[in-house]
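Asker:
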Amino acid sequence: MDILENSIIKECMSMNIILMGPPGAGKGTQATKLVNKYGLTQISTGDLFRKALSEQTKYGVIAKYFMQFGHLVPDDYTIEMVREYLKENTFENGFILDGFPRTIVQARELESIAKEFNFTIDAIINLDIPQEKLVSRLSGRRTCKNCGTTFHVEFNPPKVTGVCDKCGGELYQREDESVEAVTVRLDTYNKQTRPLIDYYTMKGTIININGDQPMEDVFKDIEKSLEGK
Ligand code: ADP
Ligand code: AMP
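For the sequence shown, the working numbering begins at 4 and goes up steadily by one.
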């Protein structure tokens with residue numbers, strides 16, 4: 004696809020997407036591709052909490068304890084943070100919610116926030132992947148300290164070990180990626196977030212995508228599912 008065609012798509016398209024899936028399913032990876040192709044804005048609640056943590060803001064101080072052990076940050080604070088973010092920013096081409104909602108309470112609150120701020124959610128994409136694949140994805144993930152781009156030591160290695168291809172920043176392993184924290188995060192997902200699949204299935208709005216295939220193939224399936232939206 005040439006630059007012109009790409010920019011036409013960017014101009015024409017405005018849509019808001021929820022990207023769901025267990026930790027390590029590839030939400031961040033696919034969100035980056037959607038951002039690059041369609042000019043959407045990625046809103047990752049995990050990234051917002053990590054930024055808040057590094058800046059020692061109110062949300063960071065609250066989130067620290069929950070995040071380091073792999074628990075969800077309580078709904079009240081998470082919803083308040085997302086609400087503020089949506090209120091204070093504009094999204095010319097639409098946005099991708101990556102990692103929100105993660106509970107039924109958050110999903111319901113998102114519906115009222117959408118009414119209040121007058122936006123719609125146009126697609127809910129669920130990345131489906133067998134649980135046993137997730138531990139290796141998470142333990143091999145490396146994140147850039149500077150720009151947040153993620154790599155994988157085996158499946159998507161950087162050109163130079165420990166260095167971000169995109170900005171040259173240092174790659175690090177997240178604190179919540181110890182075997183213990185990963186186990187808790189997957190358990191938390193199964194108990195608190197997986198029920199959202201049924202919630203959205205009953206509403207008839209979910210698009211299930213096979214996340215257990217090469218990154219480019221996952222993206223092709225996402226693109227196909229968005230055609231005509
Ligand atoms: P999430 O945002 O859902 O937690 P990420 O996008 O960060 O997941 O992906 C987790 C790890 O798995 C990263 O290291 C990423 O490079 C790798 N990864 C993502 N998608 C795939 C894929 N389709 N095949 C193999 N590895 C992948
Ligand atoms: P992530 O980067 O999406 O893997 O999120 C990292 C951590 O941030 C999670 O393990 C939670 O502690 C916290 N977090 C991110 N999003 C949410 C959310 N929607 N609700 C509660 N906690 C969240």
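Ideal placement from N, C-alpha and C gives every residue a C-beta, glycine not left out. Since we're looking at a predicted model, the values are computed, not measured.
(1) Cutting at 6 Å between CB atoms, please list the residues of its own chain near residue 95, excluding the five before and the five after it.
(2) With burial defined as no fewer than 16 other Cβ atoms inside 10 Å of the residue's Cβ, what is the status of residue 194: buried or exposed?
(3) Is it true that the CB of residue 84 sits closer than 8 Å to the CB of residue 51?
(4) On the three-state DSSP scale, how would you describe residue 144?
(5) Cβ-heavy atom distance between residue 74 and the ligand ADP below 7 Å?
(6) Taking all protein chains shown into account, do 16 or more other C-beta atoms lie within 10 angstroms of the C-beta of residue 8, making it buried, or fewer, making it exposed?
(7) For the stretch 197 to 207 against the stretch 99 to 108, do three or more pairs of beta-carbon atoms, one drawn from each stretch, fall closer than 8 Å, so that the two count as touching?
(8) Within a Cβ cutoff of 7 Å, which residues of the same chain sit near residue 146, ignoring the five residues on either side of it in sequence?
(9) Looking at the secondary structure, which residues open and close the alpha helix (DSSP H) in which residue 109 lies?
(10) Let's see if you can read the secondary structure: which residues bound the alpha helix (DSSP H) around residue 78?
(11) Tell me the rounded alpha-carbon separation between residue 141 and residue 124.
(12) Give a yes or no on whether the minimum CB-CB distance between residue 45 and chain C is below 8 Å.
(13) Quick one: using the 10 Å Cβ neighbour count with 16 as the cut-off for buried, is residue 81 buried or exposed?
(14) Helix, strand or coil: which one does DSSP assign to residue 23?
(15) Apart from the five residues on each side of it in sequence, which residues of its chain come closer than 7 Å, Cβ to Cβ, to residue 78?
(16) Taking residue 21 as the reference, give the member of 227, 217, 223 and 208 with the closest Cα.
(17) Who are the Cβ neighbours of residue 215 in its own chain at under 7 Å, not counting the five residues just before and after it?
(18) Of the choices 149, 181 and 112, whose alpha-carbon is the least far from that of residue 233?
(19) Would you check whether the ligand ADP has a heavy atom nearer than 7 Å to the C-beta of residue 109?
(20) Do residue 67 and residue 75 have their CB atoms nearer than 8 Å?
(21) Is residue 32 near the ligand ADP, with its Cβ less than 7 Å from a heavy atom?
(22) To the nearest angstrom, how far is it from the Cα of residue 35 to the Cα of residue 189?
Answerer: Quick look at the numbers:
(1) In the sequence shown, counting from the first residue as 1, residue 95 sits at position 92. Cβ neighbours of residue 95 beyond the five flanking positions: none.
(2) The residue labelled residue 194 in the question sits at position 191 within the sequence shown. Counting Cβ neighbours within 10 Å, residue 194 comes out exposed, since fewer than 16 surround it.
(3) For the purposes of this step, residue 51 is taken as the residue at position 48 of the sequence shown. For the purposes of this step, residue 84 is taken as the residue at position 81 of the sequence shown. Their beta carbons are under 8 Å apart, which means residue 51 touches residue 84 by this criterion.
(4) For the purposes of this step, residue 144 is taken as the residue at position 141 of the sequence shown. In the structure shown, residue 144 sits in a strand (DSSP, three-state: E or B).
(5) Within the sequence shown, residue 74 is the residue found at index 71, counting from 1. No, Cβ of residue 74 sits at least 7 Å from all heavy atoms of the ligand ADP.
(6) As a position in the sequence shown, residue 8 is number 5, starting the count at 1. Confidence at residue 8 is low in this model, with a pLDDT of 46, below 50, so the placement of that residue is unreliable and no value is reported for it.
(7) yes
(8) Within the sequence shown, residue 146 is the residue found at index 143, counting from 1. These residues qualify, in order along the chain: 153, 174, 175 and 177.
(9) The residue labelled residue 109 in the question sits at position 106 within the sequence shown. Here the alpha helix (DSSP H) through residue 109 covers 107 to 120.
(10) Counted from its first residue, the sequence shown places residue 78 at position 75. It spans 78 to 91 - the alpha helix (DSSP H) in which residue 78 sits, taken as one unbroken run.
(11) In the sequence shown, counting from the first residue as 1, residue 141 sits at position 138. In the sequence shown, counting from the first residue as 1, residue 124 sits at position 121. Distance between the alpha carbons of residue 141 and residue 124 is about 28 Å.
(12) The question asks about chain C, but that chain is absent: this structure has only one protein chain.
(13) The residue given as residue 81 occupies position 78 in the sequence shown. Per the 10 Å Cβ criterion, buried.
(14) In the sequence shown, residue 23 corresponds to position 20, counting from 1. It is a strand residue.
(15) Along the sequence shown, read from residue 1 onward, the residue named residue 78 stands at position 75. Correct list, in chain order: 106, 108 and 109.
(16) In the sequence shown, residue 21 corresponds to position 18, counting from 1. The option with the nearest alpha carbon to residue 21 is 208.
(17) For the purposes of this step, residue 215 is taken as the residue at position 212 of the sequence shown. Here the set comprises 132, 133 and 136.
(18) Not covered by the structure: residue 233. The range shown for the chain is 4 to 232.
(19) By one-based count along the sequence shown, residue 109 stands at place 106. Every heavy atom of the ligand ADP is 7 Å or more from the Cβ of residue 109, so no.
(20) Position 64 of the sequence shown, counted from the start, is the residue given in the question as residue 67. Position 72 of the sequence shown, counted from the start, is the residue given in the question as residue 75. For residue 67 and residue 75, no; Cβs fall outside 8 Å.
(21) Position 29 of the sequence shown, counting from 1, holds the residue named residue 32. Yes, the beta carbon of residue 32 sits closer than 7 Å to at least one heavy atom of the ligand ADP.
(22) Position 32 of the sequence shown, counted from the first residue, corresponds to residue 35. Position 186 of the sequence shown, counted from the first residue, corresponds to residue 189. Cα to Cα, the separation comes out at about 23 Å.
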